[in-house]
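For the sequence shown, position 21 matches number 21 in the UniProt record's numbering, and the numbering has no gaps at all. First the structure, in the form of structure tokens, and then the observations on it.
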Amino acid sequence: SIFIDAILAVGKVKENVEIAEYKAKDINDFYFYNQWDEKLKIKDWQSESIEFHNYDIEVVDAIVDRRSIRHFNENKSIPRSVILELLKAGMMVSLTINQPYLKIIIVEDKNFLNQIAKHSKIVLKQSHVGEVPLIIVITYDCSNNSPGFYSETDSGSIIQSILLRAHTLGIGSCWIGAFNRKVVRKILKIPEDWHIPSMAIFGYPNNFPKPTPRVDLGKVCYHNSWKNHIKKRKRTLLPDYFALSIWFKKFRNTQVTTLL
1 SIFIDAILAV
11 GKVKENVEIA
21 EYKAKDINDF
31 YFYNQWDEKL
41 KIKDWQSESI
51 EFHNYDIEVV
61 DAIVDRRSIR
71 HFNENKSIPR
81 SVILELLKAG
91 MMVSLTINQP
101 YLKIIIVEDK
111 NFLNQIAKHS
121 KIVLKQSHVG
131 EVPLIIVITY
141 DCSNNSPGFY
151 SETDSGSIIQ
161 SILLRAHTLG
171 IGSCWIGAFN
181 RKVVRKILKI
191 PEDWHIPSMA
201 IFGYPNNFPK
211 PTPRVDLGKV
221 CYHNSWKNHI
231 KKRKRTLLPD
241 YFALSIWFKK
251 FRNTQVTTLL
């Protein structure tokens, strides 16, 4: 069966239309430091002013150019002024309600990082989790009075925004979905009624891998009605089965360069 997760409305904004003033989300309401009950000391972080390189690339270029990094420079930490830039990007997304029913934990503590890495070795060991100086863990409220139905979508929006901003700052990242949630909950003291959908790791990359081939638009995008493909499927000798198709495409994909 097919489940409708979300609907996105797109259109041009009318000219000369007054837009209600938008109340910015407060970082202090959404972010914690290393553990659930530890608030970020934003003022202290802002005082640690360190210049950083901000790559001048368009949003669409960041989307196309970004790739998951699995080999990091273990000896290079991320300045807090840069981490703040990531946190600000996470607050720019539209949420179902502009209230902190999502909480994000910024993990820098070496002991916690090592423990999380140890219990993330579920799929292909994921040794890269143990190489990073920063993990961002997102959680959302599962109680009956929260907009939990939309929480997965909102969580994904926040993580994606942070990943793209990280790329423009020369920071590599990887979205992690396979990890021991029970152990991570215990390490970070996350309450039982808060779910952990995913986390992301960040660090300076040792190299940029080849971008993974993407699924053809003709396979996943329809126009106006079900099965009305937005473009004709390309006839190919490649197998129709997704996993094999991606595997064969990799032999033809030699692009390693990045805009950074």
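Ideal placement from N, C-alpha and C gives every residue a C-beta, glycine not left out.
Element boundaries [beta strand (DSSP E), containing Lys103]: Residue numbering aside, residue 103 sits at position 103 when the sequence shown is read from its first letter. Unbroken beta strand (DSSP E) run through Lys103: Leu102 to Val107.
Close Cβ partners of Val13 (< 6 Å) along its chain, the five nearest in sequence each way excluded: The residue given as residue 13 occupies position 13 in the sequence shown. For Val13, where only same-chain residues beyond five positions count, there are no Cβ hits under 6 Å.
Separation of Leu113 from Gly130, as counted between CA atoms: Here residue 130 refers to the residue found at position 130 when the sequence shown is read from its first residue. Here residue 113 refers to the residue found at position 113 when the sequence shown is read from its first residue. Their Cα atoms are separated by approximately 7 Å.
Inter-stretch contact at 8 Å, needing at least 3 Cβ pairs: the region 156-163 / the region 41-56: Result no; under three Cβ-Cβ pairs closer than 8 Å.
Beta-bridge partners of Tyr140, as assigned by DSSP: Here the question's residue 140 lines up with position 140 in the sequence shown. According to DSSP, which records beta bridges pairwise, Tyr140 is partnered with Leu102 and His195.
Burial state of Thr101 (16 or more Cβ within 10 Å): Against the sequence shown, residue 101 aligns to sequence position 101. Looking at the sequence itself, residue 101 is Tyr, so the reference to Thr does not match. With 16 or more Cβ atoms within 10 Å of its Cβ, Tyr101 is classed as buried.
Contact set for Asp193: own chain, Cβ-Cβ below 6 Å, skip 5 residues either direction: For the purposes of this step, residue 193 is identified with residue 193 of the sequence shown, where counting begins at 1. Cβ within range, chain order: Cys142 and Ser143.
Pairwise C-alpha distance: His119 and His223: Here residue 223 refers to the residue found at position 223 when the sequence shown is read from its first residue. Here residue 119 refers to the residue found at position 119 when the sequence shown is read from its first residue. Computed Cα separation, rounded: 43 Å.
CB contact flag (Val59, Ser161, <8 Å): As a first step, residue 59 is located in the sequence shown; it is residue number 59 there, counting from the start. As a first step, residue 161 is located in the sequence shown; it is residue number 161 there, counting from the start. Taking 8 Å as the Cβ cut-off, Val59 and Ser161 do not qualify as a contacting pair.
Opening and closing residue of the alpha helix (DSSP H) in which Phe32 lies: What you label residue 32 is simply residue 32 of the sequence shown in a count that begins at 1. Secondary structure note for Phe32: it is in no alpha helix (DSSP H), and the uninterrupted beta strand (DSSP E) holding it is Tyr31 to Tyr33.
Ile106 versus Phe179: straight-line alpha-carbon distance, rounded: The count along the sequence shown starts at 1 and reaches residue 106 at position 106. The count along the sequence shown starts at 1 and reaches residue 179 at position 179. Spanning the two alpha carbons is a distance of roughly 17 Å.
Outcome for Ser151 when other beta-carbon atoms lying within 10 angstroms are tallied against a minimum of 16: Mapped onto the sequence shown, residue 151 falls at position 151. Burial of Ser151 is indicated by the presence of at least 16 other C-beta atoms within 10 angstroms of its C-beta.
Neighbourhood of Ile78 by C-beta distance below 8 Å, restricted to the same chain and skipping five residues each side: The count along the sequence shown starts at 1 and reaches residue 78 at position 78. So the list reads Pro133, Leu134, Ile171, Phe202, Gly203 and Tyr204, once near-sequence residues are dropped.
Euclidean distance between Cα positions of Ala117 and Glu108: Reading the sequence shown from its first residue, position 117 is the one you call residue 117. Reading the sequence shown from its first residue, position 108 is the one you call residue 108. Our two residues, Ala117 and Glu108, have alpha carbons roughly 12 Å apart in a direct line.
Span separating the alpha-carbon of Val220 from that of Arg165: Locating residue 220 in the sequence shown gives position 220, where the first residue counts as 1. Locating residue 165 in the sequence shown gives position 165, where the first residue counts as 1. The straight-line gap from Cα to Cα measures roughly 26 Å.
Coil, strand or helix - His128 by DSSP: Translated into positions along the sequence shown, residue 128 becomes position 128. It is helical.
Segments assigned alpha helix (DSSP H), at least 4 residues, entirely inside the region 57-105: Here the runs fully enclosed are 59-65 and 80-90.
DSSP state of residue 267 mapped onto helix, strand, coil: Since the first and last residues shown for the chain are 1 and 260, residue 267 lies out of range.
Ranges of the alpha helix (DSSP H) found wholly within the region 178-230, counting only runs of at least 4: Taking only runs of at least 4 residues, the alpha helix (DSSP H) segments lying wholly in the region 178-230 are 181-188 and 217-220.
Ser173, buried or exposed, once every other Cβ within 10 Å from all chains shown has been counted against 16: On the sequence shown, residue 173 is found 173 positions in, with the first residue counted as 1. It is buried - the Cβ of Ser173 has at least 16 other Cβ atoms within 10 Å.
Identified DSSP bridge partners for Trp175: Taking the sequence shown and counting its residues from 1, one reaches residue 175 at position 175. The partner list for Trp175 (beta bridge, DSSP) reads Ala200.
Residues of its chain near Pro191, where Cβ-Cβ distance is below 8 Å and the 5 sequence neighbours each way are ignored: Here residue 191 refers to the residue found at position 191 of the sequence shown. For Pro191, the CB contacts under 8 Å within the same chain, skipping 5 residues up- and downstream, are Trp36 in chain order.
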